[in-house]
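Chemist: Once you know that position 75 of the sequence shown is 75 in full-length UniProt numbering, the rest is easy, because the numbers rise by one and skip nothing. A virtual CB, placed ideally from N, CA and C, is assigned to each residue, including glycine. Note that the coordinates shown come from a computational prediction; the quantities given were computed from them, not determined experimentally.
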Amino acid sequence: MRQSPPFDADAARRLRRALGMTEAQVADGMAASYGVRVGPETVRAWENRDGTPGSAELTALAGALWCDPSELIGTPRTLREHRLATGVPQPDVAMRLGMPFAEYERVERTGRWTGTDRQAAVLAELLRLPPRARIALTGREAELAGLLRSAASVRWQAYVRPVHRMLPSLTKRRVERVLERLHDEYHRRSFVSLSWIDTNSETARGPADAGHRYLDEIDAHFWELIDRA
Numbered sequence: 001m002r003q004s005p006p007f008d009a010d011a012a013r014r015l016r017r018a019l020g021m022t023e024a025q026v027a028d029g030m031a032a033s034y035g036v037r038v039g040p041e042t043v044r045a046w047e048n049r050d051g052t053p054g055s056a057e058l059t060a061l062a063g064a065l066w067c068d069p070s071e072l073i074g075t076p077r078t079l080r081e082h083r084l085a086t087g088v089p090q091p092d093v094a095m096r097l098g099m100p101f102a103e104y105e106r107v108e109r110t111g112r113w114t115g116t117d118r119q120a121a122v123l124a125e126l127l128r129l130p131p132r133a134r135i136a137l138t139g140r141e142a143e144l145a146g147l148l149r150s151a152a153s154v155r156w157q158a159y160v161r162p163v164h165r166m167l168p169s170l171t172k173r174r175v176e177r178v179l180e181r182l183h184d185e186y187h188r189r190s191f192v193s194l195s196w197i198d199t200n201s202e203t204a205r206g207p208a209d210a211g212h213r214y215l216d217e218i219d220a221h222f223w224e225l226i227d228r229a
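(1) Please state whether the Cβ-Cβ distance between R13 and E47 is less than 7 Å.
(2) According to DSSP, is F191 helix, strand or coil?
(3) Measuring CA to CA, which of R188, E81, A85 is closest to P69?
(4) To which residues does DSSP link I73 through a beta bridge?
(5) How long is the line joining the alpha carbons of E180 and A120, rounded to whole angstroms?
(6) For R80, tell me which candidate among G98, R106, D117, R96 has the shortest Cα-Cα distance.
(7) When you compare each of A94, R49, F7 to T59 by their alpha carbons, which one comes out closest?
(8) In three-state terms, what does DSSP make of L58?
(9) Apply the 10 Å Cβ neighbour rule to G29 and answer buried if 16 or more other Cβ atoms are within range, or exposed otherwise.
(10) Given 8 Å as the limit, is there contact between the segment 94 to 103 and the segment 146 to 153, that is, 3 or more CB pairs closer than that?
(11) Decide if S33 is buried, meaning its Cβ has at least 16 other Cβ atoms within 10 Å, or exposed.
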């Protein structure tokens, strides 16, 4: 089966139009400069998301559009897409991880990570995984969310080290700032003074519900703060 990198159809259409080219002219450019022969209907299909170019076709398309191939690569979502975006063959990834090829192929196919923490670290470095992708693709979202809920609701300082251990590409200071902010935001939303509010009243339940909602969405709040920190 042909493997294709993630493709940004909107970028391809935008670049073609900026150059004043037709789909036929793009196809001719691909054939003349790279020997990659596709029809204008194929170029149109790529732009309409009815198909995606393979690696060789993507390189030829970038050449015809006078851009770097990276400008035509969309945001990778799956492990396979991250690997294709970095151009590392499957066997090379498996070898670097010290994982049987069949096992690594199964990880890509099923989306279920079966490697160790050490292998996850090697994978993140090899494929240049952003922090959020590293957590998602190695099956640690639930574990991180549990740590974040505890940090927000109890004592955030105790969770800096375990969270930082999961995300070593982030500085410890950055993790500290974000956990402290999560803690402050949670308590600000859920604070109810039992000395003057009846906890069975609607007045009390409002802040309590807000606090619960915040914890339910803790991972989204965490990544938003990480992006801003």
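Modeler: Reading off the structure:
(1) yes
(2) coil
(3) A85
(4) F7
(5) 27 Å
(6) R106
(7) F7
(8) helix
(9) buried
(10) no
(11) exposed
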